[in-house]
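Q: In my numbering, the protein residues as written are 825 to 891.
Note that beta-carbon positions come from the ideal geometry of N, C-alpha and C, so glycine has one too.
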Ligand SMILES: [Zn+2]
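1) Please report the Cβ distance between residue 858 and residue 841, rounded to the nearest whole angstrom; I am assuming they are in contact, meaning their Cβ atoms lie under 8 Å.
2) I'd like to confirm something about residue 848: is its beta-carbon nearer than 6 Å to some heavy atom of ligand 2, or not?
3) Let me know if residue 867 comes out buried or exposed under the rule of 16 or more other beta-carbons within 10 Å of its beta-carbon.
4) Nearest CA to the CA of residue 881: which residue from 837, 833, 847?
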């Protein structure tokens with residue numbers, strides 16, 4: 825079943841990013857609301873994707889909160 829994991833590919837994209845109030849708990853950088861998109865492909869064919877909102881740090885990329 826090892827090759828199965830090589831065929832399944834998951835990518836995470838930030839579609840939109842808006843600054844928001846709040847600071848990162850790790851580095852103290854500015855937090856922003858991001859529209860994320862997770863795409864899962866199998867054998868390079870996209871078969872599943874979902875979009876979700878999250879609050880992430882613009883400086884270190886830490887995800888502070890997900891909706
Ligand atoms: Zn940070």
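A: Concretely, from the data shown:
1) About 5 Å; that satisfies the 8 Å criterion.
2) This structure lacks ligand 2; the ligands present are ligand 1.
3) Note on residue 867: under 16 other CB atoms within 10 angstroms of its CB, so exposed under the neighbour-count rule.
4) For residue 881, the closest of 837, 833, 847 by C-alpha to C-alpha distance is 847.
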